[in-house]
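The sequence shown runs 1 to 191 under this note's numbering.
Just so it is clear, CB atoms sit at the ideal spot from N, CA and C, and this is done for glycine as well.
Step one of this worksheet: look at the structure below.
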Amino acid sequence: MNGDEKMAAGIGTIISIFLAGMLAKGHVVWSGSWTTVAWIVGLLVAAGLALLTAGSIGRTARHRTVVRIDAGTWTDAARHEAGHLAAMKAFGGQDLRARIYPDGSGWASCAMPPNTAPEHDVAVDYAGGYAEGSWHACKGDLAQAEEVLSRVGWFHRDGVERRARAAAQRAVAGGRTNRYRTRLERTGRYR
């Protein structure tokens, strides 16, 4: 049970105990039928399910794939995809995979944890450009980042983007991408 489910269960329990206590102490005069009781219980169950559903929206499909479609050089593609791999690993990605092709295109993929923060998703998209040192081959990455940002409330969007850029820079800093880049340059694939 995650945090949202615990919160919904707690709220439902508190409301149920409150209503039962009010009925038992006689603060509420009951003149209804058992059908009314069934309606009230059904309403409480529906409210709890609504809270559970609202907390899990957007958390089911967590497989991330970042595709580089703009041509460049083999070395640029290796640096670019290595940046994505480093960010994916930094934010809890499992089963990391990447390929680069002779025309300079490539992709990186992983399975992210179910409750990955939006800034980490966006940071994975930005990491390729930061690692490569150029944004000319990042049209697909930037479009994917914009799609994630569009699901964030307008009030929080700038903060999420700012934190994502900082997280992407930290993820590719200090030679963390070198292991991935070396393997991609040598074989054209990571796993």
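Distance, residue j Cα to residue i Cα
i, j, result
"Arg191", "Trp135", "26 angstroms"
"Asp125", "Asp95", "17 angstroms"
"Gly133", "Lys89", "20 angstroms"
"Ala131", "Gln169", "8 angstroms"
"Thr73", "Gly104", "5 angstroms"
"Gly42", "Glu147", "37 angstroms"
"Arg165", "Ala47", "38 angstroms"
Cβ-Cβ separation, residue j to residue i (assumed contact under 8 angstroms), whole Å
i, j, result
"Ala171", "Ala123", "6 angstroms"
"Ala86", "Thr177", "5 angstroms"
"Gly106", "Ala143", "Wrong, their Cβ atoms sit about 17 angstroms apart, outside the cutoff."
"Gly83", "Ala127", "4 angstroms"
"Asp141", "Gly129", "6 angstroms"
"Phe91", "Thr75", "Incorrect: roughly 25 angstroms between the Cβ atoms, too far for contact."
Cβ-based burial, residue i [other Cβ within 10 Å; buried from 16]
i, result
"His120", "buried"
"Pro230", "Because the chain spans 1 through 191 in this model, residue 230 falls outside it and cannot be assessed."
"Gly175", "exposed"
"Leu184", "buried"
"Glu81", "buried"
"Ala173", "exposed"
"Ala145", "buried"
Counting beta carbon pairs with one atom in the stretch 147-161 and one in the stretch 107-114, are three or more of them shorter than 8 angstroms? no
I'd like the ranges of any alpha helix (DSSP H) spanning at least 4 consecutive residues and lying wholly in the stretch 115-189. 118-132, 139-150, 154-172 and 178-187
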